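Under our numbering, the first residue of the sequence shown is numbered 173, with each subsequent residue one higher. Worksheet: the structure to be examined is printed underneath.
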Amino acid sequence: MVRPLASLKQGEEGRVVFIAPKSRSRLERLSALGLIPGSLVNLAQKQPSFVLEVGETTLALDEETVREIYVKRV
């Protein structure tokens with residue numbers, strides 16, 4: 173089942189299915205950081221900001237951006 177990344181529990185992993193950004197620049201920035209469809213992400217933290225682990229990279233993202241990323245739980 174595909175769901176927003178923000179709906180995962182802390183510590184859960186998901187595979188990115190698609191990203192629906194409000195702007196092309198945001199999609200380009202996420203892609204440059206390695207967050208693309210097919211990526212495996214671990215939701216390490218939800219508060220005060222979302223912290224994602226993508227491979228060897230750790231990203232801190234705001235809630236608005238995280239709500240545009242859709243994953244399938246692994």
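Yeah, the Cβ is synthetic: ideal placement off N, Cα and C, and Gly gets one too. Everything numeric in this text was worked out from a predicted model, so none of it was measured.
- Going along the chain, which residues of its own chain have a beta-carbon closer than 7 Å to the beta-carbon of GLY186, five neighbours each way excluded? LEU177, LEU180, VAL213, VAL243, LYS244, ARG245, VAL246
Cβ-based burial, GLU240 [other Cβ within 10 Å; buried from 16]: Around the CB of GLU240, 16 or more other CB atoms lie within 10 Å, so the residue is classed as buried.
message: For VAL238, count the other beta carbons within 10 Å of its own beta carbon; 16 or more makes it buried, fewer makes it exposed. Which is it?
response: buried
**Message:** Just verifying my parser: in three-state terms, what is the DSSP assignment at LEU233?
**Reply:** strand
Q) Counting along the chain, where does the alpha helix (DSSP H) carrying ALA204 start and finish? A) 196-204
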